[in-house]
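Using the working numbering, the letters of the sequence shown correspond one by one to residues 37 to 119.
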Amino acid sequence: MQTWVPLLEPYGITAIKKGGGGADISPLRNQNTVLIGYVPDSQRYFDLHHTEQDTFDKVNPRELALGAGAMAALVYLISEYGF
């Protein structure tokens, strides 16, 4: 999967971590669910995360587009090449 990183760099993704996914979905690991996560630039992640201001209207449209593109690219790569 690390060979995919250059394909994802336009979306700001510089690393892929198999088995990742974060605390929100990590309980799925116990159900034999495949987990994968990106390692994005997180310098602004906690500016609003889990605060009263953590609402959809605060989403940065460019960051949403980049994230959606990165996820779509990952789904495509997995569908074509597997894990």
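For each residue, glycine too, the CB sits at the ideal point set by N, CA and C.
N-terminal and C-terminal residue of the beta strand (DSSP E) that residue i is part of
i	result
TYR74	72 to 74
Neighbourhood of residue i by C-beta distance below 7 Å, restricted to the same chain and skipping five residues each side
i	result
LYS94	LEU84
ARG65	LEU71
Bounding residues of the alpha helix (DSSP H) (the contiguous stretch that carries residue i)
i	result
GLU48	At residue 48 the sequence reads Gly, which differs from the Glu that was named. Premise fails: GLY48 is in no alpha helix (DSSP H) and is neither H nor E.
VAL111	97 to 117
Collapsed DSSP secondary structure at residue i in the structure displayed
i	result
ILE61	coil
Closest by C-alpha distance to residue i, when choosing among the options
i	options	result
ALA51	ASP60, GLN38, SER62	GLN38
LEU100	GLY118, TYR81, TYR117	TYR81
Same chain, Cβ closer than 6 Å to residue i, neighbours up to 5 away in sequence not counted
i	result
LEU113	TRP40
8 Å contact criterion, which residue i and residue j should meet: CB distance rounded
i	j	result
ALA109	LEU43	6 Å
Close-in-space but distant-in-sequence residues of the same chain around residue i (CB under 8 Å, 5 per side omitted)
i	result
ASP90	LEU84
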